[in-house]
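Numbering of the sequence shown is given in my numbering, commencing with residue 17 and proceeding in unit increments. The beta carbon of each residue, even a glycine, is placed where N, CA and C say it ideally should be. Computed from a predicted structure; not experimentally measured.
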Amino acid sequence: MSNATLKELSDRLAAGACSSVELAQDYTNKINGLGKDLGCFITVDAERSLAQAKAADARRAAGNAGPLTGVPLAHKDIFCADGWLTTCGSRMLSNFVSPYDAHVVGRCNAAGMVTLGKTNMDEFAMGSSNETSFFGPVRNPWNRDTVPGGSSGGSAAAVAARLAPAATGTDTGGSIRQPAALTGICGLKPTYGLVSRYGMIAFASSLDQAGPMARSAEDLGLLLNVMAGHDPRDSTSLERPAEDYNRNLAQPLKGLRVGLPREFFADGLSADVRRAVDEAVAEYRKLGATVVDVSLPNMGLSVPVYYVLAPAEASSNLSRFDGVRYGHRAAEYTDLMDMYKRTRAEGFGAEVKRRILIGTYVLSHGYYDAYYIRAQKLRRLIARDFVEAFKQCDVIMGPTSPTTAFRLGEKSADPVQMYLSDIYTIAVNLAGLPGMSIPCGFDGGGLPVGLQIIGNYFDEARMLNVAHQYQLATDWHRRAPQGVA
Ligand code: GLN
Numbered sequence: 017m018s019n020a021t022l023k024e025l026s027d028r029l030a031a032g033a034c035s036s037v038e039l040a041q042d043y044t045n046k047i048n049g050l051g052k053d054l055g056c057f058i059t060v061d062a063e064r065s066l067a068q069a070k071a072a073d074a075r076r077a078a079g080n081a082g083p084l085t086g087v088p089l090a091h092k093d094i095f096c097a098d099g100w101l102t103t104c105g106s107r108m109l110s111n112f113v114s115p116y117d118a119h120v121v122g123r124c125n126a127a128g129m130v131t132l133g134k135t136n137m138d139e140f141a142m143g144s145s146n147e148t149s150f151f152g153p154v155r156n157p158w159n160r161d162t163v164p165g166g167s168s169g170g171s172a173a174a175v176a177a178r179l180a181p182a183a184t185g186t187d188t189g190g191s192i193r194q195p196a197a198l199t200g201i202c203g204l205k206p207t208y209g210l211v212s213r214y215g216m217i218a219f220a221s222s223l224d225q226a227g228p229m230a231r232s233a234e235d236l237g238l239l240l241n242v243m244a245g246h247d248p249r250d251s252t253s254l255e256r257p258a259e260d261y262n263r264n265l266a267q268p269l270k271g272l273r274v275g276l277p278r279e280f281f282a283d284g285l286s287a288d289v290r291r292a293v294d295e296a297v298a299e300y301r302k303l304g305a306t307v308v309d310v311s312l313p314n315m316g317l318s319v320p321v322y323y324v325l326a327p328a329e330a331s332s333n334l335s336r337f338d339g340v341r342y343g344h345r346a347a348e349y350t351d352l353m354d355m356y357k358r359t360r361a362e363g364f365g366a367e368v369k370r371r372i373l374i375g376t377y378v379l380s381h382g383y384y385d386a387y388y389i390r391a392q393k394l395r396r397l398i399a400r401d402f403v404e405a406f407k408q409c410d411v412i413m414g415p416t417s418p419t420t421a422f423r424l425g426e427k428s429a430d431p432v433q434m435y436l437s438d439i440y441t442i443a444v445n446l447a448g449l450p451g452m453s454i455p456c457g458f459d460g461g462g463l464p465v466g467l468q469i470i471g472n473y474f475d476e477a478r479m480l481n482v483a484h485q486y487q488l489a490t491d492w493h494r495r496a497p498q499g500v501a
């Protein structure tokens with residue numbers, strides 16, 4: 017049963033072939049076994065999950081079930097969930113039980129979905145390997161000596177290991193797409209503003225966006241239908257009419273113009289990843305697409321620009337963790353200032369501190385113009401490159417990550433190497449565009465490769481169509497790690 021997609025589970029529940037309680041029990045058992053070995057979850061609460069499942073079964077029996085009523089999913093531990101420990105992967109929030117639901121969690125609950133637990137993540141979503149979590153690393157189910165990517169690594173590994181049919185994630189610079197690529201699943205970062213950030217613990221607010229992680233494009237659309245929508249509690253949430261993101265799935269791809277940015281295929285791309293992406297592009301040609309060369313001349317600036325802007329926003333957002341209102345507080349201190357200092361020294365890990373220091377520096381008097389303002393200007397140039405590229409093509413394709421999963425510890429001593437893991441994903445966040453990753457093959461060692469598909473603003477339905485047609489013609493997305501299916 018746990019090998020089923022979200023769509024299949026939805027169909028089975030509708031046909032009465034299984035109950036939501038059975039599903040919740042089945043997944044919870046797996047989470048307590050394999051899930052523990054992989055470190056995927058920070059919190060599970062079987063009683064809570066089963067109570068939700070019972071309510072979903074009752075709702076179905078009463079005749080008012082929606083497509084996802086009774087279907088289980090996991091939430092990244094960055095989303096506040098009423099009554100659940102919500103840690104953001106940090107010691108700072110290791111004792112924080114949220115008194116309310118994030119918009120995304122509330123929407124999933126309202127749809128009747130069942131929360132299986134809260135997934136492990138890099139501390140405050142800062143990382144590309146899920147090694148900065150206070151609760152320990154997550155292991156990649158394809159090879160347990162390798163990382164699952166980050167920061168939504170727990171969600172990605174859980175979906176890949178069939179511990180959940182789908183999960184929520186967040187993507188500030190690649191944290192949905194890169195772990196999706198490294199674990200052989202699908203992940204979508206929507207257009208900025210499509211999904212409310214209310215109750216999603218803030219990292220870099222102008223970049224953060226929540227999105228679905230699942231095993232097929234169709235499943236991503238089903239979940240996005242639930243997650244997206246206007247929310248007056250987030251001032252950047254967009255007021256747009258509701259849409260069915262799966263409405264175009266069946267459209268043939270004849271005439272589709274696929275843009276390949278030459279900057280995506282330059283130095284630094286591993287040969288295995290390149291081969292798999294080339295083969296995926298060849299498949300798209302077979303499906304009727306035409307390929308055009310495009311250029312994103314400022315893409316090389318995206319990592320440096322991001323590492324000015326994201327830390328700047330983080331240093332401001334994370335100032336709220338001061339030991340006064342919630343979360344960790346140092347046990348011993350002399351006065352208020354000492355309490356702040358000790359609390360923050362104890363509560364934050366090394367990577368978070370590094371970001372706070374960089375952010376405070378680039379915002380400080382005398383450096384603000386040289387770094388922060390300049391990075392904002394470059395951000396605009398990067399966004400304009402995409403506007404130009406989309407005059408020539410309907411979607412952009414390339415690799416999601418320059419390499420497949422790397423070994424645990426391999427990059428932890430070298431922050432810049434770690435930061436370069438997001439070289440193909442970060443520009444999309446800076447531009448506010450939607451991007452997704454779908455599996456498109458394996459490297460020589462049997463580790464999954466992700467194909468990145470970038471769409472124009474609000475073009476999620478087209479992107480899902482483009483991914484779905486590929487998934488009808490190929491079976492990469494159905495492959496499971498050994499011993500898992
Ligand atoms: N890896 C990037 C970082 O560390 C992106 C993280 C994210 O998207 N949350 O900031």
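* Using CA coordinates, which residue listed in Asn111, Asp459, Leu325, Lys369 is at the minimum distance from Arg395? -> Leu325
* Asked: Is the Cβ-Cβ distance between Val310 and Arg345 less than 9 Å?
  -> no
* **Proximity test, Cβ basis, 9 Å: Val211 and chain B** => The displayed structure is made up of one protein chain only, and chain B is not part of it.
* When the distance is taken between beta carbons, is Pro418 closer than 9 Å to Leu436? -> yes
* To do: Pick helix, strand or coil for Asp140, following the three-state DSSP scheme.
  => Reading the sequence as shown, one finds Phe at residue 140 and not Asp. In this structure, Phe140 counts as helix in the three-state DSSP scheme.
* Given 8 Å, three or more beta-carbon pairs between the region 195 to 202 and the region 222 to 235 -> yes
* Asked: Comparing the CB of Ile439 with every heavy atom of the ligand GLN, is any distance shorter than 8 Å?
  -> no
* DSSP state of Thr441 mapped onto helix, strand, coil -> coil
* So what does DSSP say about Gly190, is it helix, strand or coil? -> coil
* To do: Tell whether a beta-carbon distance below 9 Å holds between Ala172 and Met452.
  => no
* What residues match up with Thr162 in a beta bridge as DSSP calls it? -> Arg423
* Could you tell me if the beta carbon of Asp138 falls within a distance shorter than 8 Å of some heavy atom in the ligand GLN? => yes
* With hydrogens ignored, establish whether the beta-carbon of Tyr322 is closer than 8 Å to any heavy atom of the ligand GLN. => yes
* To do: Report yes if the CB atom of Thr103 is closer than 9 Å to the CB atom of Phe57, and no otherwise.
  => no
* **Near the ligand GLN: Thr186 beta-carbon under 8 Å from a heavy atom** => yes
* Asked: In chain order, which continuous runs of the beta strand (DSSP E) of length 3 or greater are located wholly inside the region 271 to 330?
  -> 273 to 277, 306 to 310
* Enumerate, from N- to C-terminal direction, the unbroken beta strand (DSSP E) stretches of 3 or more residues contained entirely within the region 435 to 486. => 451 to 458, 464 to 471
* **From Ala177, Gly457, Val340, residue whose alpha carbon lies closest to that of Asp491** => Gly457
* Who does Met108 pair with in a DSSP beta bridge? -> Beta-bridge pairing links Met108 to no other residue.
* Sufficient close CB pairs (3 or more, under 8 Å) joining the region 357 to 377 to the region 391 to 410 -> no
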